[in-house]
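K.L.:
Sending over a structure as structure tokens; questions will come in a sec.
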Amino acid sequence: MKRFHSGRNIAGVTLIEVMISVLILGIGMLGVAAMQTTALRNNQSAMQRSQIVMQTYTILDAMRANRDAALIGKYNTAGMVCKPPTGGSLIQNDQAAWLGALQNTIGGDPTTTCGSIACLDGNCKVSIQWDDSRAADASQSRTGSATQTLDTVTQL
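Just so you know, we're using full-length UniProt numbering here: the sequence shown kicks off at 1 and counts up by one.
See the structure below:
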């Protein structure tokens with residue numbers, strides 16, 4: 001039995017196969033770029049949180065160095081304070097250095113990076129509030145506000 005062969009052999013890939021492969025590759029590359037963007041945003045948020053924890057320990061160390069004043073409430077603030085206090089006392093200098101360093105390390109708008117100190121019976125609560133809107137993704141899948149608060153409670 002004889003087989004009939006056409007004059008040309010079929011070899012290689014067709015144009016449609018190449019186009020589909022390029023499309024799949026393009027979608028994959030977009031996915032990788034989106035993951036990288038999300039990772040960078042989350043890394044920025046984690047870095048800010050770490051810096052805030054360090055600044056919290058800075059003011060707590062200053063309060064421990066001036067324990068008598070801290071125990072009677074001299075370091076207490078009237079709610080969240082965004083503007084560093086002015087004056088020449090040790091307490092005002094400690095608070096001004098703390099808020100200034102906090103706003104410099106976090107960056108952004110100084111009116112959104114604030115702190116409060118409340119001491120009662122040797123227990124002190126240091127609260128820091130900042131704008132973490134860069135960490136919120138475009139789909140807004142993260143619940144809650146872009147304003148984040150970190151509370152640290154310790155005993156002097």
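Think of the CB as a built atom: it goes at the ideal place given N, C-alpha and C, for glycine as much as any other residue. This structure is a prediction, so every number in the text was calculated from the model and none was measured.
#1: Among the residues of its own chain, which have a CB less than 7 Å from the CB of Glu17, if the five just before and after it don't count?
#2: Cutting at 8 Å between CB atoms, please list the residues of its own chain near Ala138, excluding the five before and the five after it.
#3: Pairing CB atoms from the stretch 20-34 with CB atoms from the stretch 97-115, are three or more of them under 8 Å?
#4: Could you pull out every residue in the same chain whose Cβ sits closer than 6 Å to the Cβ of Thr77, ignoring the five residues on either side in sequence?
#5: Could you compute how far the alpha carbon of Met19 sits from the alpha carbon of Val32?
#6: Measuring CB to CB, does Ala70 end up less than 8 Å from Cys119?
#7: Would DSSP call Ala118 helix, strand or coil?
#8: Can you name, in chain order, every residue of its own chain whose Cβ lies under 8 Å from the Cβ of Thr14, other than the five neighbours on each side?
#9: Alpha carbon to alpha carbon, how far is Arg41 from Ala34? Give it in angstroms, no decimals.
#10: When the Cα atoms are used, what is the spatial distance from Asn93 to Thr86?
#11: Would you mind stating whether Gln129 and Thr152 have Cβ atoms separated by less than 8 Å?
P.N.:
Taking the coordinates as given:
#1: As a working note, residue 17 is residue 17 in the sequence shown. Here the set comprises nothing.
#2: Mapped onto the sequence shown, residue 138 falls at position 138. Any answer about Ala138 is weak, because its pLDDT of 49 lies below 50 and its placement is not dependable; what the coordinates show is given next. Contacts found: none.
#3: Cβ pair count under 8 Å is below three, so no.
#4: Start at 1 with the first residue of the sequence shown, and residue 77 comes out as number 77. Counting only Cβ-Cβ distances below 6 Å, and skipping sequence neighbours, we find Ser116 and Ile117.
#5: Here residue 19 is taken as the residue at index 19 of the sequence shown, counted from 1. Here residue 32 is taken as the residue at index 32 of the sequence shown, counted from 1. Computed Cα separation, rounded: 20 Å.
#6: Reading the sequence shown from its first residue, position 70 is the one you call residue 70. Reading the sequence shown from its first residue, position 119 is the one you call residue 119. Going by C-beta atoms, Ala70 is nearer than 8 Å to Cys119.
#7: Start at 1 with the first residue of the sequence shown, and residue 118 comes out as number 118. It is a strand residue.
#8: To locate residue 14, count along the sequence shown from 1; it is residue 14. Correct list: empty, nothing qualifies.
#9: Taking the first residue of the sequence shown as position 1, residue 34 is located at position 34. Taking the first residue of the sequence shown as position 1, residue 41 is located at position 41. Distance between the alpha carbons of Ala34 and Arg41 is about 11 Å.
#10: In the sequence shown, residue 93 corresponds to position 93, counting from 1. In the sequence shown, residue 86 corresponds to position 86, counting from 1. Going from the Cα of Asn93 to the Cα of Thr86 covers about 8 Å.
#11: The residue labelled residue 129 in the question sits at position 129 within the sequence shown. The residue labelled residue 152 in the question sits at position 152 within the sequence shown. Their beta carbons are not under 8 Å apart, which means Gln129 does not touch Thr152 by this criterion.
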